[in-house]
Amino acid sequence: MVVFAPPPEKQGALRRFFANLRATPARVKDSAFRGGKPNTDRTRSTFVFGNVFLHLHPVRTHRWSLRWTATMGLGIASLAAFLITLITGVLLMFYYKPHPAIAYDSMKDIAFVVPTGNLIRNIHRWAANVMVLTVILHMARAFYTAAYRAPREFNWLIGMGLLVLTLGLSFTGYLLPWDQLAYWAITIGANIAQSPREVTDALGMTETFDVGGLQKLLLLGSDTVGEEALIRFYLLHVMILPLGLVALLSVHFWRIRKDGGLVRPVDAERRLGPVHAADYPVFTEEPRKTYQLAAVVRGKSGAVARGPENTVPSMPHLFYAELAVTMLTIAICVALALVSDAPLKELANPQVPENPAKAPWYFLGLQELVAYSAFMGGVGIPGIVLLGLGLIPYLDREKDGTGEWFGGPGGKALVLQALFVGFGAALAVEAFAIRYGWLREWIPDIAQLWITVFNPGTVLTAIYAAYSIWLVKRHQSTRAGALGLFTCFLCGFVLLTVVGTWFRGPNWDFYWSPSDWPGH
Amino acid sequence: MSSNDPVKPSRLDPEPLPRRDFLGKASLWAAAATGVFATLGIARLPKAAVLSSPSRKFKVTLPENLPEGQAFVPPGRSVALFRDKEGVHAVSIVCTHLGCIVKPNATGFECPCHGSRFAADGAVTKGPAPAPLPWRKVTVDGSDCMVDEDASVPPGTKA
Ligand code: HEM
Ligand code: FES
């Protein structure tokens, strides 16, 4: 009788099945983290390399970059704020409905009915504000440490793209509640997009060449702020702009690695002094993979032709620093959200403007300029500023002071002087215009083109430009001029924002304090 | 195989335009053309051909006892109507600066948004508004007025 029996090596399949089943959790872990436990410098490097998110970091970080004054953590804080808005934003999407008939009601639901809805909304709003602030400060940090210089010029341009997208996200988000604040701020914003008409009208060419009208039409999908506008802003806010931001962010971070890490002074090694082995235990095992790959990187990257003496493993040193900044950002956003509610005014009413109708705070400086000339304040001067910012890295090809705060000819003293000039000029021009009015009040039927060209905003810009040209001559350095100009514009931005926020009341009239506003 | 014999190319020699090259070039051109057309299409779609805005022509009856120089704003409309001895006229109340709704006052109009002021005939007297408030077309039919907010008339035209 023949009994069917599998060969001995094929026996015990059931036993092996259960053994495999038992081993599965451990194997899933092994297959996900292939380098083994990240507990030595070597396995940590493998871990950083092998992880798609972590590998945006270099495996080793220069000690200079870890000093908190090097970056003040502002880039990571911007990223953290963005991630907070991303998560809270997706949560808000569960309830928000982008149609004029129900948008406001759904906001009310979120604020009063949805469990934790109000808190999530507050966090979203505050994180968005924090993000705008940290992005601006981060840009200022990159500027003042001359981090835009070669080889980082292009990353500066990517950064400008990020700035524009960040502001765009805030602006589009502002409409969604469909309350009075939203409706009138966006009406004004859309008409700013249309304001090139101020010039084309004056030149009598609007019939044939109407960029302003086209921009407004594309933005609103109609000639007034209505359902078309709401769905467009919603689409931009939850889809197009965030995707664009994520794409640019990936490039931004990747470029930092490829540009040889963060900027640092040429003599950073000397300034830092010797590494204390106790502070940064270097190499528990010889890293191989790291340097094989680093050797492929073109150019003067951080790890090429330079000893590893002054670098430390990114894991854990850099990651702890990043985590700390992230936690701090979250704490700040949540704390603000707990003490201060995001505003929600009455339902939008296209017949009665909010008085005063104020944009979000970071646009109030522009609104102040717009109150002199729509085109110059809303399009002309911002355009000039963006163009100037974009040109800086290509005009300043100097070497002096790279990687140092306020580095370059003139240095701190120059920035201090520019601070005085910047605030002084802005204050003087504003005070004059508030006290004495402007051309239209003096010569009632003056042609609009005169006011467009010559108004407090353009006068201030001209003063700043003249000052900065003088600085270039005086110090024989483009960097000196750039330091002066950037500082001046920062001062102008701050001062105009402060005036727009606290000193403008109904009819955009000047008031010393909101308590003086006439009741309305 | 003699490599210096130009007349008899070997079967192993590369073809004049290798297939791979051709395929590569063709797909590059196809991709470029697709890119161009897709971009055009994408740019064309968001520019609405038909606007959803309702007609802005409407019929209204002025209040019997509307004093001369006093504005009447029909609910939901953006014109102010006036009646005097010469007839009826309509002035747009959309600020020519950035589109806020101006408020009629004793001397003309004031804008709450950035402080533009206008005279009774719509001329700018103060502030950033770049142009006067336009007058709209009015036709009187008995006690009713037809107002067309899409049609402007020269200031001073009364019906
Ligand atoms: C969404 C906005 C942004 C995020 C999340 C972001 C994030 C970062 C991070 C994490 C770093 C690493 C160093 C640091 O933490 O400071 C960095 C570096 C840098 N960023 Fe940004 N950034 C943003 C916008 C900008 C803007 C607006 C600019 C300037 C126009 C800019 C220019 C730069 C430059 C030049 C570097 C290299 C700095 C150096 O080498 O020291 N970034 N960014
Ligand atoms: S919208 Fe009327 S003054 Fe700006």
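Just so you know, the protein sequences line up as chains X and Z, in that order.
Each residue of the first sequence is one higher than the last, beginning at 277 in our numbering.
Each residue of the second sequence is one higher than the last, beginning at 1056 in our numbering.
Glycine included, each C-beta is placed from N, C-alpha and C at the ideal position.
Under the DSSP assignment, Val-389/X falls outside any beta strand (DSSP E); it carries neither an H nor an E label.
Under the three-state reduction of DSSP, His-333/X is assigned to coil, being neither helix nor strand. Measuring C-alpha to C-alpha distances from Arg-320/X to each of Leu-594/X, Pro-626/X, Leu-521/X, Pro-658/X identifies Leu-594/X as the nearest. With respect to the 7 Å criterion, Arg-1111/Z and Asp-1196/Z are not classified as neighbours on the basis of their beta carbons. One Cα belongs to Leu-747/X, the other to Leu-761/X, and the distance between them is close to 9 Å. C-alpha of Leu-493/X to C-alpha of Ala-544/X: approximately 53 Å in a straight line. Pairing Tyr-648/X with Gly-1177/Z, the inter-Cα distance amounts to about 19 Å. Shortest Cα-Cα distance from Glu-429/X to any of Ser-307/X, Val-539/X, Gly-393/X, Gln-470/X involves Val-539/X.
Around the beta carbon of Asn-431/X, a 10 Å sphere encloses 16 or more other beta carbons of the protein chains shown; the residue is thus reported as buried. Leu-451/X is outside the set of residues whose beta carbon lies under 7 Å from a beta carbon in chain Z. Shortest gap from the CB of Ser-1171/Z to any heavy atom of the ligand FES: under 6 Å. Straight-line spacing of the CA atoms in Ala-387/X and Pro-619/X works out to 10 Å. Under the criterion of beta carbons closer than 8 Å, Leu-1188/Z and Ser-1147/Z qualify as touching, at roughly 5 Å. Taking non-hydrogen atoms of the ligand HEM into account, the C-beta of Met-603/X is found less than 6 Å away from none of them. Remark: fewer than three beta-carbon pairs, one from each stretch, lie closer than 8 Å, so the stretch 1078-1097 of chain Z and the stretch 479-488 of chain X are not flagged as touching. Close CB contacts of Ala-613/X within its chain, under the 8 Å cut and outside five residues either way in sequence, are with Leu-395, Asn-398, Ile-399, Arg-401, Trp-402 (chain order). At least one beta carbon of chain X lies nearer than 7 Å to the beta carbon of Pro-1167/Z. Taking a Cβ-Cβ threshold of 7 Å, the residues of chain Z close to Pro-629/X are Cys-1155, Ile-1156, Pro-1167, Cys-1168, in chain order.
Beyond the five residues adjoining it in sequence on each side, Asp-535/X comes within less than 7 Å, by CB distance, of Pro-427, Arg-428, Asn-431 in the same chain, given in chain order.
Taking a beta-carbon distance threshold of 7 Å, Gly-497/X counts as an interface residue toward chain Z. Contact of Arg-716/X with chain Z by beta-carbon distance below 7 Å involves Val-1179, Lys-1181, Gly-1182. Around Glu-680/X, the same chain offers Thr-421, Pro-541 as residues with beta carbons nearer than 7 Å, after the five sequence neighbours per side are excluded. Note on Asp-499/X: 16 or more other CB atoms within 10 angstroms of its CB, so buried under the neighbour-count rule.
Counting C-beta pairs closer than 8 Å gives fewer than three between the stretch 438-453 of chain X and the stretch 786-796 of chain X, which falls short of the contact rule. In this model, Leu-433/X and Phe-1164/Z are separated by some 45 Å (Cα to Cα).
A Cβ-Cβ separation of about 7 Å places Ala-1186/Z in contact with Asp-477/X under the 8 Å criterion. A contact between stretches requires three or more CB pairs, one per stretch, nearer than 8 Å, and the stretch 1097-1117 of chain Z meets this requirement with the stretch 496-511 of chain X. Taking each of Pro-376/X, Val-406/X, Asn-405/X, Phe-370/X in turn and checking the Cα distance to Pro-391/X, the smallest one comes out for Phe-370/X.
Taking 7 Å as the threshold, the shortest C-beta distance from Tyr-648/X to chain Z falls below it.
Of all residues in the stretch 1096-1109 of chain Z, those with a C-beta nearer than 8 Å to a C-beta of chain X are Pro-1101, Lys-1102, Ala-1103, Leu-1106, Ser-1107, Ser-1108, reading in chain order.
DSSP places Cys-1155/Z outside both helix and strand once states are collapsed to three, so it counts as coil. Taking a C-beta distance under 7 Å as the contact criterion, Met-652/X and Gly-520/X do not qualify as a contact pair. Within the stretch 1117-1135 of chain Z, contact with chain X at the beta-carbon level (separation under 7 Å) is assigned to Gly-1131. In terms of Cβ geometry, Glu-644/X and Val-770/X do not form a close pair [threshold 7 Å]. Here Val-1128/Z carries a coil assignment [DSSP, helix/strand/coil].
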